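For what it's worth, numbering that gives the first Met the number 0 labels the leading residue of the sequence shown as 0, then goes sequentially. A virtual CB, placed ideally from N, CA and C, is assigned to each residue, including glycine. Fair warning: this is a prediction, and the values are worked out from it, not measured in the lab. So the structure is just underneath, and the comments pick up after that.
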Amino acid sequence: MRRLLFGIICLIPTLTGSAGHATNDPRAREEVVVVRWQDGSLRKSFGSLTGPDSASPVDVARRFVDSHRVTILGRNGFDLMQTSASGGPSGTRVEFGIAYNGVFVYGGQVSVHVLRDGRIDLIEATPLSGSPATSAPRVGMAAAAQAARRILEARYGSAPVPLAPGLVYHDVAGRLRLCWHIQLPSPAGAWEFLVSAEEPGITYAMKRIALDVKTGKGSVYLENPKITKQPQKVDLANLDNSYTLKGSWAKTYNANKQYDFTDSSQMGRYTTASGPNDSYVYSTKDKRFTEVMGYYHVTRMHDYLKDNKLTTAVNGQMPVVVNVQDNEDPAKGYDNAFFTRDYRFSSTGILVFGSGEELHNLAEDSDVIYHEYGHAVLDKIQRGLIQHYEHVFSGAIHEGTGDAIATHLNGNSKLAEWALSYRGTGEFVGRDVDNTNRYPDDVQDPEFGQAETHHTGLIVGGLYWQMREALGADTSIKLYFDALNRLGPRANLFDLRDDLLLAEKALEGNANLATLTQILTARGLDGVDPGNKQATATVQKLQTRHFDWETFEAGGVAESFTPGTWVALTAILNVKNASPGYYMIPALKIIFPADVGYGGYEAYYVVNEEQPDVEEYVVGLIYSPEYAVPATLTWKAKCRLGDQTKYTAEKKDTFKIE
Numbered sequence: 000m001r002r003l004l005f006g007i008i009c010l011i012p013t014l015t016g017s018a019g020h021a022t023n024d025p026r027a028r029e030e031v032v033v034v035r036w037q038d039g040s041l042r043k044s045f046g047s048l049t050g051p052d053s054a055s056p057v058d059v060a061r062r063f064v065d066s067h068r069v070t071i072l073g074r075n076g077f078d079l080m081q082t083s084a085s086g087g088p089s090g091t092r093v094e095f096g097i098a099y100n101g102v103f104v105y106g107g108q109v110s111v112h113v114l115r116d117g118r119i120d121l122i123e124a125t126p127l128s129g130s131p132a133t134s135a136p137r138v139g140m141a142a143a144a145q146a147a148r149r150i151l152e153a154r155y156g157s158a159p160v161p162l163a164p165g166l167v168y169h170d171v172a173g174r175l176r177l178c179w180h181i182q183l184p185s186p187a188g189a190w191e192f193l194v195s196a197e198e199p200g201i202t203y204a205m206k207r208i209a210l211d212v213k214t215g216k217g218s219v220y221l222e223n224p225k226i227t228k229q230p231q232k233v234d235l236a237n238l239d240n241s242y243t244l245k246g247s248w249a250k251t252y253n254a255n256k257q258y259d260f261t262d263s264s265q266m267g268r269y270t271t272a273s274g275p276n277d278s279y280v281y282s283t284k285d286k287r288f289t290e291v292m293g294y295y296h297v298t299r300m301h302d303y304l305k306d307n308k309l310t311t312a313v314n315g316q317m318p319v320v321v322n323v324q325d326n327e328d329p330a331k332g333y334d335n336a337f338f339t340r341d342y343r344f345s346s347t348g349i350l351v352f353g354s355g356e357e358l359h360n361l362a363e364d365s366d367v368i369y370h371e372y373g374h375a376v377l378d379k380i381q382r383g384l385i386q387h388y389e390h391v392f393s394g395a396i397h398e399g400t401g402d403a404i405a406t407h408l409n410g411n412s413k414l415a416e417w418a419l420s421y422r423g424t425g426e427f428v429g430r431d432v433d434n435t436n437r438y439p440d441d442v443q444d445p446e447f448g449q450a451e452t453h454h455t456g457l458i459v460g461g462l463y464w465q466m467r468e469a470l471g472a473d474t475s476i477k478l479y480f481d482a483l484n485r486l487g488p489r490a491n492l493f494d495l496r497d498d499l500l501l502a503e504k505a506l507e508g509n510a511n512l513a514t515l516t517q518i519l520t521a522r523g524l525d526g527v528d529p530g531n532k533q534a535t536a537t538v539q540k541l542q543t544r545h546f547d548w549e550t551f552e553a554g555g556v557a558e559s560f561t562p563g564t565w566v567a568l569t570a571i572l573n574v575k576n577a578s579p580g581y582y583m584i585p586a587l588k589i590i591f592p593a594d595v596g597y598g599g600y601e602a603y604y605v606v607n608e609e610q611p612d613v614e615e616y617v618v619g620l621i622y623s624p625e626y627a628v629p630a631t632l633t634w635k636a637k638c639r640l641g642d643q644t645k646y647t648a649e650k651k652d653t654f655k656i657e
C-alpha cells in the first residue's frame, strides 16, 4: 500500500538555490567576494562590495540598487520600493519590495546590508521568472474572498469576513500571475491566501502565518516551576498609568480558562489584571499569575534586546493572551502556544498561550514565552521566512531561533521543562539544544520520516548553544543577531552559515574564525551548499480520491464524485536523489467543458516535502458546490522540486461530478 503524503504548506513567489560561484570557500580569503546567480538574476553576493560612505544606510542602499537595478533583477520594467530598515549589531539591513506598474511581486525582495561605516557587505535578491502578462483582474475581489473562506470553513467550521484584499503578482510555473492577496484570522492563527485574479476557481497559496509553542511589583517564576521552584517578587518595568498589566511593550489578556482564541476581534471577552498601587503579587493558583508571567518576561526580553543593541525590530505594545482553551472543545485546556500576525496589531503580532490539558499551563514557563517572542522578533526582521515554500529550512531557522533565544536568556539548554511535560507522567516532550544534530543527517524527524521545522530547527539551536559554550554568551548572541539581520526571505542553513561568518568578520575581525568554522563543520555546514540540484522527478500517473476534512486524509480512489464534495488530486511521482527538507511544488490546470463553464468549482494547490519512500502526493484539492452541473472535468499537473526551476512533463486525468 502506498503511503500518501498530504500537508498544506504554501506557494509563495520566491526561488531558492544557486549554482555556486566558482570561488573558493568564503572563509579562505579575507577580501573574497562571492556572487551567486540563478536564471540570469542575482541571488546573493557578499564580501567587500563597496567602500565606506558617510550617507545614511537607506541612502547608501538606495543609490546602490538604483545603479545596479538591471544586474540585480536580470530584466527591465520593475521598480524597487523601500519597505523597511532594521538595525543590528554591525549595521542596518534595508529592504526593497519588487513591483511592476505599482503592484508588488509577493515575496519579491532585495535586501542590502550596510555596515556602520557605510560599506555594503551583502545583497540578496529574489530571482524573477518573467514579466506579467496581465495587468487588470478578470476575477472579482468578492469571488476571490469566498474561495479563501471556503478552505477555513471546511477546516474549522466557519470563517470570518476577510480583510480588504489587495492585488499582487505571484510566480507560478515560470510566469508572474496576478492574484488577490487575502488575509484571514482563524482559531489557529492568521492565514494568507493567494487567489488567482486571472482565472476563476484557482487558489495558488494557502499558508498559516503562525508559529507554535512605570514600575510595579509582581510575582513570577524566573524560569519555570521545574527549575526555579518558587515564585520570586520582581519589578514590573514600563507600566503605564492605568493600574493594569499594560505598559510600553506588553498588555495582557486573560481568557480565564473559559474562552478559546479565534482572532483579535474577540479579545473583548478577555480581562486584564488590575492592581492598586500597581501590585500584582498572586499565588500560582490565581488565574492572573500567568498574566504577570507574560508581562514580565515579554518586557524583560524586549529590554534585553534593546539594551544590548541586538535589534530594533519589535518596538511596540504586544498583546499577550494567556489561559486559552481549546478551540474545538472550550471545556478543555489548549496544549499549545503560538505567535501569529494580526492586522489589528500589525507592528507586533500576538502571543497566545494555552492553559494546558495534558500539558502544563504554557504561560507558566518563561522558556515558552521567550521562544514565541523570538518568532515575533524574527518575523519583523525577515517576514519572508515564515512564508517561504521551497524547503523546510526557513521555518527551521525560525524554530531554532526561538529555542536559541529562550535557552540563551535562561542559561540552560533544555526548553520548557515544565510546560512541555505531561501532567500525569511527568514525561518531558520538549527539546534540548545541547545536541549533536547536523545537516543532512538530522533534517528529517525519524519518528515521522520527514522534515519538520521544530526537529530540523534543533540543528540551528544546537549550533547556537555550541557557539555559546565556545565563544561565550555575549559574543555569541551578538554574532547570531547580526546574522539574523542579514537573512534573506528564502534562507537555508547554508545562508545562515554565510551570514554568521560575515557577522564574525564585521564584529570580531575574524578573531573567532577558526572556532566558528570548527562549530559549523561539526553541524555539517562546511563547503558548498549542496541544495537539491541532483534530484530528479517524473510524474507517472494522476488520480482522484475522496478527501475527508474530519480526518484530514485522502481516501479511496474514485472517478465519480457527488456535488458538494472535496476531491483530492494526487500525483504518483518517481523522485530520485532528493536532498532532505525540500518540497515538491505542483502547477495545475483545471479544464471545464464549454457547455458547463466555470460552474463554481474551487481548486487549491498543495505542497509537500519530497520523500524517497513516498510515491503518491496530494497536489491539489477541488471543491464542487452543491449546485454544480454534473460534468466530466479534465485536470493537468506538472511538478518541480524545491531549489529547482524545471518542471516535469505534464500529465492529465479526468473525473466526474454527478
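Residues of the same chain with a CB within less than 8 Å of the CB of GLN643, apart from the 5 flanking positions on each side, are GLY16, ASN531, LYS532, ALA534 in chain order. If you draw a 10 Å sphere on the C-beta of LYS477, you find 16 or more other C-beta atoms in it, and that means buried. Residue environment analysis places VAL428 among the exposed positions, since fewer than 16 neighbouring C-beta atoms fall within 10 angstroms of its C-beta. ALA536 and CYS638 do touch by the CB rule: their CB atoms are close to 6 Å apart, below 8 Å. By the CB criterion at 8 Å, LYS651 and LEU541 fall inside the cutoff. In the DSSP secondary-structure assignment, PRO585 is bridged to CYS638. HIS112 has ARG92, LEU121 as its beta-bridge partners, per DSSP.
Only residues of its own chain outside the window of five on either side were considered, and among them PRO56, VAL57, ALA60, GLN81, ALA84, VAL111, VAL113 have a CB closer than 7 Å to the CB of VAL93, listed in chain order.
In this structure, the beta-carbon distance from ILE584 to ALA602 does not fall below 8 Å. Taking one beta carbon from each stretch, the region 194-207 and the region 400-408 have fewer than 3 pairs nearer than 8 Å; the two do not touch.
About 6 Å separates the beta carbon of VAL605 from that of VAL618, a gap short enough to meet the 8 Å contact definition.
Between the alpha carbons of TYR252 and VAL297 lies a distance of about 13 Å.
Under the DSSP assignment, LYS477 falls in the alpha helix (DSSP H) whose first and last residues are 472-483. In this structure, the alpha-carbon of ASN573 lies about 43 Å from that of LEU512. Collapsing the DSSP output to three states places ILE226 in coil. For PRO56, the enclosing alpha helix (DSSP H) has its first and last residue at 56-66. If one requires a minimum length of 4 residues, the alpha helix (DSSP H) runs lying completely within the region 260-337 are 288-306, in chain order. Check the Cα spacing between ALA482 and each of ALA132, ALA502, SER128: the tightest is with ALA502.
Excluding five sequence positions before and after GLU416, the CB atoms of its chain that fall closer than 7 Å to its own CB belong to ASN223, LYS225, ILE226, PHE427, GLY429, given in chain order. The residue from THR310, LYS250, THR311, TYR388 with its alpha-carbon nearest to that of ILE349 is LYS250. Under the DSSP assignment, VAL351 falls outside any alpha helix (DSSP H), being part of the beta strand (DSSP E) whose first and last residues are 349-353. Taking all protein chains shown into account, ASP120 has 16 or more neighbouring C-beta atoms within 10 Å of its C-beta and is therefore buried. In the same chain as ALA142, and ignoring 5 residues on each side of it, the C-beta atoms closer than 7 Å to its own belong to PRO199, in chain order. Here THR400 is not bridged, per DSSP, to any residue.
In summary, PRO88 is buried, with 16 or more beta-carbon neighbours lying within 10 Å of its beta-carbon over all protein chains present. Straight through space, the alpha carbons of GLN324 and CYS178 are spaced by roughly 36 Å. Per DSSP, the continuous beta strand (DSSP E) segment holding SER40 begins and ends at 40-45. SER420 is not a Cβ neighbour of HIS370, given a cutoff of 8 Å. Going by beta carbons, TYR258 and HIS169 fall outside the 8 Å limit.
Within the DSSP bridge table, the entry for SER195 names CYS178 as partners. DSSP places PHE427 within a strand segment (E or B) once states are collapsed to three. Shown here for ASP444: same chain residues with a beta carbon closer than 6 Å to its own, the five before and five after excluded, namely GLU451, HIS454 in chain order. A distance below 6 Å between beta-carbons, with the five flanking residues on each side excluded, links ALA98 to the following residues of its chain, in chain order: ASP78, MET80. Secondary-structure assignment with DSSP links HIS169 through a beta bridge to ARG176.
Taking all protein chains shown into account, PHE551 has fewer than 16 neighbouring C-beta atoms within 10 Å of its C-beta and is therefore exposed.
Per DSSP, the beta-bridge partners of GLN542 are THR569.
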